[in-house]
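Participant: Start counting the sequence shown at 84; every next residue gets the next number (my numbering).
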Amino acid sequence: MSAGHDVEAIVAGLVALGVVPGDTVMVHASLRAVGPGDGGAEGLIGALDRAVAPSGTTLMVLGAEDEWAWVNDRPEQGRAALLAEAKPFDARTTPAEADVGALAEVFRTQPGTVVNEHPEGRFGARGAAADELVAEPPWDDYYGPGSPLERLVNRRGKVLRLGADPDTVTLLHYAEYLADVPDKRRVRRHRKVLGPSGPQIRTVECLDDCNGIVDHPGEDYFATILTAYLRTGRATTGTVGHATAELLDAADLVSFATDWMNANLHR
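Structure, rendered in structure tokens:
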């Protein structure tokens, strides 16, 4: 594509940004921002694979399409009845959540991607440590201790942002669990899932990862934290394809975010 970029150019951009073989990288990317290129979304995934090969791993949050999410805004005692006609979450076939971005569904369905079976904390990974990163996440508090997010930090991983919105840094949910913030808001959700014996209703309890662990004035505090972190100069920035790109150290970002939450979040 003369107006776009090829896979080699994407790999070169990732290398220039600081992605190296053996890295464990969590990816947030806007296909529109990266721009057209050879192979489209599959080409971008291939470039990511090549940049961390042969011993590296890429990770993405996938979520799951859920047309019945509105049920969890209703009183708890009536949710199971409302979900009676719902299509159950099927770990093998339910598409990624559309709000996560178009790349997530392509990533999920690419040969070689390992996907976990959690309807809320659903991740996919590719590469050497894919199983280690995503297998058997905790059912409740799926972004907290024991989660793929904690595993990313423990592996000295990185967060790669390619033109993504500033409020889309899923790793900051892990910082919410570490932050010493009183009276964190929690939620209890009901999901219809496909179990070993057929469809069943299950509950999931966790910190509120939709509305925040406390009310906070102004813009989404994830965006505020990211902006403040980038201002420290501790991230590497550049361009990949046509997208503004940022590479952040996962452990350092979590430490920064935890301190920010301790100082700024309160009821």
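No residue lacks a Cβ here, since even glycine has one placed at the ideal position from N, Cα and C.
Note that this is a predicted model, so its numbers are computed, not measured.
1) Is Q193 helix, strand or coil when you go by DSSP?
2) How would you write the range of the beta strand (DSSP E) that H111 sits in, first residue to last?
3) Please name the residue in L255, P220, A213, R268 whose C-alpha comes closest to that of T310.
4) Looking only at DSSP bridge pairs, what is T286 linked to?
5) Please identify the residue among H111, L243, A95, D335 whose C-alpha is closest to the C-alpha of E329.
6) Spell out the partners DSSP gives A326 in its beta bridges.
7) In the structure shown, what three-state DSSP assignment does G122 receive?
8) For F172 and H325, what's the separation of their Cα atoms in angstroms?
9) Skipping 5 residues on each side, what residues in its chain have a beta carbon closer than 6 Å to that of W222?
10) Using only the alpha-carbon positions, how far apart do R274 and A95 sit?
11) In chain order, which continuous runs of the beta strand (DSSP E) of length 3 or greater are located wholly inside the region 169 to 215?
12) Here's the rule: buried if 16 or more other CB atoms are within 10 angstroms of the residue's CB, otherwise exposed. What is D291?
13) Below 7 Å CB to CB, which residues in the same chain sit around A163 once its five sequence neighbours on both sides are set aside?
14) So what does DSSP say about L313, is it helix, strand or coil?
15) For R115, does the three-state DSSP call read helix, strand or coil?
16) Considering Cα atoms alone, identify which of E203, L114, A218 is closest to R209.
17) Pull up the distance between the alpha-carbon of A112 and that of I128, whole angstroms please.
18) Grouping DSSP H, G and I as helix and E and B as strand, with all else coil, what is R238?
19) Determine whether the beta carbon atoms of G207 and E180 lie at a separation below 8 Å.
Facilitator: A quick look at the data gives this:
1) By one-based count along the sequence shown, residue 193 stands at place 110. Coil.
2) If you number the sequence shown from 1, residue 111 lands on position 28. H111 -> beta strand (DSSP E) spans 107 to 112.
3) For the purposes of this step, residue 310 is taken as residue 227 along the sequence shown, with counting starting at 1. Nearest of L255, P220, A213, R268 to T310, Cα basis: L255.
4) Looking up residue 286 in the sequence shown gives position 203. In the DSSP output, where bridge partners are listed per residue, T286 has H273.
5) What you label residue 329 is simply residue 246 of the sequence shown in a count that begins at 1. Of the candidates H111, L243, A95, D335, the one whose C-alpha sits nearest the C-alpha of E329 is L243.
6) In the sequence shown, the residue the question calls residue 326 occupies position 243. V323, per the DSSP bridge assignment.
7) Locating residue 122 in the sequence shown gives position 39, where the first residue counts as 1. G122 falls in the coil class under three-state DSSP.
8) What you label residue 172 is simply residue 89 of the sequence shown in a count that begins at 1. What you label residue 325 is simply residue 242 of the sequence shown in a count that begins at 1. C-alpha separation (whole angstroms): 36 Å.
9) One-based indexing of the sequence shown puts residue 222 at position 139. There are no such residues.
10) Working through the sequence shown from its first residue, we reach residue 274 at position 191. Working through the sequence shown from its first residue, we reach residue 95 at position 12. Each residue's alpha carbon lies about 43 Å from the other.
11) 206 to 210
12) Residue 291 sits at position 208 when you count from the first residue of the sequence shown. Result: exposed.
13) Your numbering for residue 163 matches position 80 in the sequence shown. For A163, where only same-chain residues beyond five positions count, the Cβ hits under 7 Å are H273, I284.
14) The sequence position of residue 313 within the sequence shown is 230, counting from 1. Note: L313 maps to helix in three-state DSSP.
15) Within the sequence shown, residue 115 is the residue found at index 32, counting from 1. If DSSP states are grouped into helix, strand and coil, R115 belongs with the helices.
16) Reading the sequence shown from its first residue, position 126 is the one you call residue 209. Per the Cα distances, A218.
17) Counted from its first residue, the sequence shown places residue 112 at position 29. Counted from its first residue, the sequence shown places residue 128 at position 45. Going from the Cα of A112 to the Cα of I128 covers about 10 Å.
18) In the sequence shown, residue 238 corresponds to position 155, counting from 1. DSSP places R238 in coil when its eight states are reduced to three.
19) Here residue 207 corresponds to residue number 124 of the sequence shown, with the count starting at 1. Here residue 180 corresponds to residue number 97 of the sequence shown, with the count starting at 1. The answer is no: Cβ separation not under 8 Å.
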